[in-house]
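**Q**
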Amino acid sequence: MTDMSQATVRVSDLRKTFYDESRGEVHAVDGLSFDCHPGEVFGLLGANGAGKTTTLRMLSTVLKPSGGTASVMGHDIERDPEAVRRSLGFYSASTALYPRLTARETIEFFTRINGYPAERVQQRVEELVDRFGIAEYQKGRVDKLSSGMKQKVSIARTMAHDPPVLIFDEPTVGLDVMNALAMVKVIRELKEEGKTIIFSSHIMSEVEKLCDRIGIVHRGKLLALGTLDELRAVTGEHYLEDVFLDYVKRAEGIVGEAEIGPAGALHAAGDELPDRSP
Amino acid sequence: MTGTLFRNELRMVFRDTRTVLIAVVAPLVLFPLFIFITNFVEERESARLDSATYEFAVTGERSAWADDIVRTALNLDTAGLAIAPASFDRVMTQNADSLLEAGDLHVLVVGRDAVPGDSVAADVPVLELRFRASSDFSRNARNRMEERLLAVRTQLRDSVFQAAGFPVALDEVVVFESDNVASAEKEAGSFLGGVLVPFLILLMLSGGSIVAADSISGEKERGTLETLLTTASSRRDIVNAKLGAIMAVGLAVGLVNIANIGVYIGLGILDLPETLRIGIGVDTLLILLLLTIPLVVMVGAALLLLSGVSNSYKEYQIYFLPLFLVFLLPSMAAFLPGVELSSAIAFVPISGLAVATRALLMGDWHWIWGAIALGSTGAAGWLLLQRTEAALSNERLITSAGADEVEFRGGAALFPREVLTWFVGFWVVFFVVSLWFGEALGVRGQVLVNLWVIFLGGSILLIRRYGLDVRETLQLYAPHWRAWPAVIIGAPSALVLAIGLFGLVNRYLFPVPESLLESFGQSLTADISLWQLIIFVTIMPGVLEEIAFRGVLLSGLRKHLKKPWLAVLVSAAIFGVFHVSLFRIVPTAFLGVVLALVVVRTGSIFPAMLWHFLNNFLAVVPQEMGWIVIDQMEGVGTVWYALAVVGATASWLMMANRSGQLPPEPAGRPTKP
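For the protein sequence lines, the chains are A and B, in the order given. For what it's worth, my numbering labels the leading residue of the first sequence as 1, then goes sequentially. For what it's worth, my numbering labels the leading residue of the second sequence as 1001, then goes sequentially.
(1) How is the beta strand (DSSP E) around F168(A) delimited, first residue to last?
(2) Taking 8 Å as the cut-off, decide whether the C-beta atoms of R1062(B) and D1113(B) are in contact.
(3) May I ask you to report which of helix, strand or coil DSSP gives E25(A)?
(4) Does DSSP put I197(A) in a helix, in a strand, or in coil?
(5) Can you tell which of A1380(B), M1625(B), M1145(B) has the C-alpha that lies nearest to the C-alpha of E1128(B)?
(6) Inspect the beta-carbon positions of G1250(B) and G1281(B) and report whether they are closer than 8 Å.
(7) Using the three-state DSSP reduction, which class does D80(A) fall into: helix, strand or coil?
(8) If contact means a Cβ-Cβ distance below 7 Å, which residues of the region 107 to 127 of chain A contact chain B?
(9) Using the rule of at least 16 other Cβ atoms within 10 Å of the residue's Cβ for burial, across every protein chain shown, is A1241(B) buried or exposed?
(10) Say whether chain B places a C-beta atom closer than 8 Å to the C-beta of R276(A).
(11) Can you pull the chain A neighbours of N1008(B), defined as C-beta to C-beta under 7 Å?
(12) Does DSSP classify G256(A) as helix, strand or coil?
(13) Thinking just about the alpha-carbon of each residue, which of D30(A), E78(A), K144(A), G140(A) is nearest to the one in G220(A)?
(14) Are any of the Cβ atoms in chain A nearer than 8 Å to that of D1404(B)?
(15) Assuming contact is defined by CB atoms lying nearer than 8 Å, are S1459(B) and G1551(B) in contact in what I supplied?
(16) Less than 6 Å between C-beta atoms, sequence neighbours within five positions excluded: which residues of the same chain meet that for L44(A)?
(17) Pull the bridge partners of A224(A) from the DSSP assignment, please.
(18) Using 8 Å as the cut-off, can you tell me whether the region 33 to 44 of chain A makes contact with the region 184 to 199 of chain A, which would need three or more C-beta pairs spanning the two stretches below that distance?
(19) Can you confirm whether G1647(B), when its beta carbon is compared against all beta carbons of chain A, has any partner nearer than 8 Å?
(20) Do you know offhand how far Q1446(B)'s Cα is from A1082(B)'s?
(21) For the alpha helix (DSSP H) containing V153(A), list its first residue and its last residue.
(22) Shorter than 8 Å from the beta carbon of F1415(B) to some beta carbon of chain A?
(23) Indicate whether at least one CB of chain A lies closer than 8 Å to the CB of L1005(B).
(24) Hey, does R15(A) have any beta-carbon neighbour from chain B nearer than 8 Å?
(25) Should the region 1090 to 1107 of chain B be regarded as contacting the region 1056 to 1073 of chain B, the criterion being three or more beta carbon pairs within less than 8 Å?
(26) On the three-state DSSP scale, how would you describe D130(A)?
(27) Helix, strand or coil, according to DSSP, for F18(A) in the structure here?
(28) For G1223(B), which residues in chain A fall below 8 Å Cβ to Cβ?
(29) What do you reckon, are the CB atoms on V1620(B) and L1530(B) nearer than 8 Å?
(30) Contact defined as beta carbons within less than 8 Å: I believe L1397(B) pairs with L1225(B). What is the distance between those atoms, to the nearest angstrom?
(31) Please check if any C-beta of chain A sits within less than 8 Å of the C-beta of P1670(B).
(32) Measuring straight from C-alpha to C-alpha, what distance separates E257(A) and I203(A)?
(33) Quick check: what's the CA-CA separation for R1130(B) versus E1045(B)?
(34) Measuring only between beta-carbons, confirm whether S147(A) sits less than 8 Å from chain B.
What follows is the structure, encoded as structure tokens:
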């Protein structure tokens, strides 16, 4: 059961502006607000470049917000970034492993530097090695492992310190069908264990299967936020793909204003704010 | 947590077989091999040169005369003379020059009459030795032949003089002997002390670089940096761990190499140079270790920063060579002629340590100056570490687009951030001008270039480039009327206090040689008339230095450094170092503090201009004109100091009403209404 009383991740009017020599001022994230709760998989759905990764990188504190606030387990991402990082595990296609460490050393290293109690580190490593079936190749160097094995080690290192919040940024990108399915299975298990999971993807079927609530992100703004059924009800579409397209078209002004249903409650606060004048 | 990170760094270094091979095994084998082969080749070569028979010929219109001398030279009894053994073989030939060129002759002796261009009278015969400098044998033949010919000349000369009734042998008219009074220890210390720092830097750079390249730029390239940055470890821990690994491996590689050389010397394969035989006491050794700490930290920090700003191995390698030179060149400072530890060199990172190390090993150690040298390099290392930590927080590590609005927009908002860099650039120009063109320009020329080109030109450049508001930047506001009497009272008071301060500094910190003071006074006023003195030394600096330092610099610093007092101190320190001679830095910086305070307190630059003018006028003109005489080493009487304190306080209180405007709050923070 989803416990809606306490939010583990709170994002409020989060903004990130980049200044690029060629593109000028780019509002990559433009006033995003959402909450996530324990035992919930929250999905960020959006096309490439919609601002999903930038949002998640701000949550993991490697990028600083240009405006707004966010907190993880009550820790503010700007005031207490180390406590935030201690409370979350961050997995993405751009977080590689150290090639010269063995699988086991990798898990042990990340368990330690994430501040897991030293006396319980070995026990934790054993648990993870067992859980992901790494025992067989735990002494093998990472650069010698297959991509499926690497993926397991990567997941293990992400949850090495048993964080309450896990962020998976496009975790299935570049994986074959079997590995992608394995990834989905792990995320389900974590949800059952009561973890808060933020999952970003542009693959509709995955989001459909996994996510309890979905936020549709487009050009840095949250177009919609709700359960799949709620989104279906607003748009009148059944397939998530069509739901998504419907929202995007409305945002782009392709469909007339009159056709938009009473979806105000589902709209994100950021969508209704006027653009901040520079 | 730093410990875990550090162990991980080392583990990754030592798992890379290439690293171990290049850092440890290669020097272990290659270095002695190199020395062994060099020695072997040298021995073979000199044996070959000694045992060779050199072919020579004699030609020229005075060949008969030349032939005579050469014959005498080759039959010379070389016992007791410093002449190397060699055997010569005469070749009879008509085309000696072409044989020499073809390599069949080693040296050609030409007997001829003097020609215009020879530095002798026209009828004096000349012996000319022709050889090919490109051939070892030809060079050697010329040298050996010349030695013998010179010995013959000495004999001939002596016999001529004796025949003329000269009473003593020529060389006995005055007999020279040199006697080295420096102990062997001191001499060895001078050499070893000079080479130690460059050697250490070389080892640290080569050993540490292997780790540094891998450490941040390698992580970027392999994509592990984002993994690391999203863990709970702090940026500071990561920087410390990586620095630790660089220093540990750099030192380890250094020690392995030194031990390696030691083993070869112990085995007798290599000879320890005579100049390196030196006994070091425990206290000296401890100070030496203390000196190496900031050096090792600074080199490590520089390598890590380089790794942090490079996006790949390749970029790192491109930047490495310039970095190498930037470190190696200043480390050679100890070899500069006449350089002493107790001078401005102590303030230069690395150079200061190099000179301090030599002073230590020569037994000329001085604690205060040594501490300054330690401090300057240590501070530079610390700054580099701060930069590295900032580099790890730089979002460009993660994304390609920047998120820095000020940098993107440029203009007046960017100016406060870059003002310091600009003034460092101005200082370099200023320094180069005084170093290279100082003589040519003369005192007046230098003053003109500094004031009009560097200070005023630089100010105009910055104002235009960043589109600064001239009025606000230069604080061109009318002050309250009370500011003017405040300046009239304050300037002389502060001058008296400055003289007192200078006396204290001179007595307790940096004794300034009296000769230096005198030469400064002379250089300033040599052949300058009163009106020129007033224009060059009082009016122009009063206006132009204020525009540059209390106008452009101070306004930029007040926005950049959040605390006003910090802006005052930093602007004063920079004002100080724009006066090259070391002993003027402290009094000038003191004046800089006073003038910056005047601007901040009155909200206008004009009182500071008047103050600066009065200060320079009172400091220079009455003495130069002989109106009064102040002995700078003695200072003035206590009564004067008391009056000065009263005057300065009164001036301070009178300036309290500011009518000008403070610069607005730094960009990005809300402006208070």
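Heads up, the beta-carbon is just placed ideally off N, CA and C, and yes, glycines get one too. Here the structure is a predicted model, which is why all the values come from computation and not from measurement.
**A** The relevant details are as follows:
(1) Annotation: the continuous beta strand (DSSP E) that includes F168(A) extends over 165 to 169.
(2) Cβ distance < 8 Å, so R1062(B) and D1113(B) count as in contact.
(3) In this structure, E25(A) counts as strand in the three-state DSSP scheme.
(4) In this structure, I197(A) counts as strand in the three-state DSSP scheme.
(5) When each option's Cα is compared against that of E1128(B), the closest is M1145(B).
(6) Contact: no.
(7) Correct three-state label for D80(A): coil.
(8) Within the region 107 to 127 of chain A, the qualifying residues are F109, F110, R112, I113, N114, G115.
(9) Burial of A1241(B) is indicated by the presence of at least 16 other C-beta atoms within 10 angstroms of its C-beta.
(10) Summary for R276(A): the model assigns pLDDT 30, below 50, so the residue's position carries little reliability, and this model does not support an answer.
(11) Ordered by position in chain A, the residues that pass the 7 Å Cβ test against N1008(B) are F109.
(12) Per-residue confidence for G256(A) stands at a pLDDT of 44, beneath the threshold of 50, marking its modelled position as unreliable; the derived number appears in the next sentence. Looking at G256(A) - three-state DSSP - the assignment turns out to be coil, as it is neither helix nor strand.
(13) Measuring from the Cα of G220(A), the nearest candidate turns out to be D30(A).
(14) Yes, because at least one Cβ of chain A sits closer than 8 Å to the Cβ of D1404(B).
(15) Yes, Cβ-Cβ distance for S1459(B) and G1551(B) is below 8 Å.
(16) Closer than 6 Å at Cβ, skipping near neighbours: K52, S200, G215, V217.
(17) In the DSSP output, where bridge partners are listed per residue, A224(A) has I216(A).
(18) Touching, yes.
(19) Interface annotation, G1647(B): not in contact with chain A, CB-CB separation never under 8 Å.
(20) So the alpha carbons of these two residues sit roughly 54 Å apart.
(21) Run containing V153(A): 147 to 158, per the alpha helix (DSSP H) assignment.
(22) F1415(B) does not count as touching chain A.
(23) Flagged as an interface residue toward chain A: L1005(B), by a C-beta distance shorter than 8 Å.
(24) No, its Cβ sits nowhere closer than 8 Å to a Cβ of chain B.
(25) Cβ pair count under 8 Å is three or more, so yes.
(26) Looking at D130(A) - three-state DSSP - the assignment turns out to be helix.
(27) Three-state result, F18(A): strand.
(28) Ordered by position in chain A, the residues that pass the 8 Å Cβ test against G1223(B) are S94, T95, A96.
(29) In this structure, the beta-carbon distance from V1620(B) to L1530(B) does not fall below 8 Å.
(30) Contact between L1397(B) and L1225(B) is confirmed by a C-beta separation of about 6 Å, below the 8 Å threshold.
(31) Reliability fails at P1670(B), whose pLDDT of 39 lies under 50, so the model's placement of it is uncertain and no value is given.
(32) Low confidence applies to E257(A): its pLDDT is 44, below 50, so where it sits in the model is not reliable enough to give any reading.
(33) Straight-line spacing of the CA atoms in R1130(B) and E1045(B) works out to 23 Å.
(34) Output row for S147(A): interface = no.
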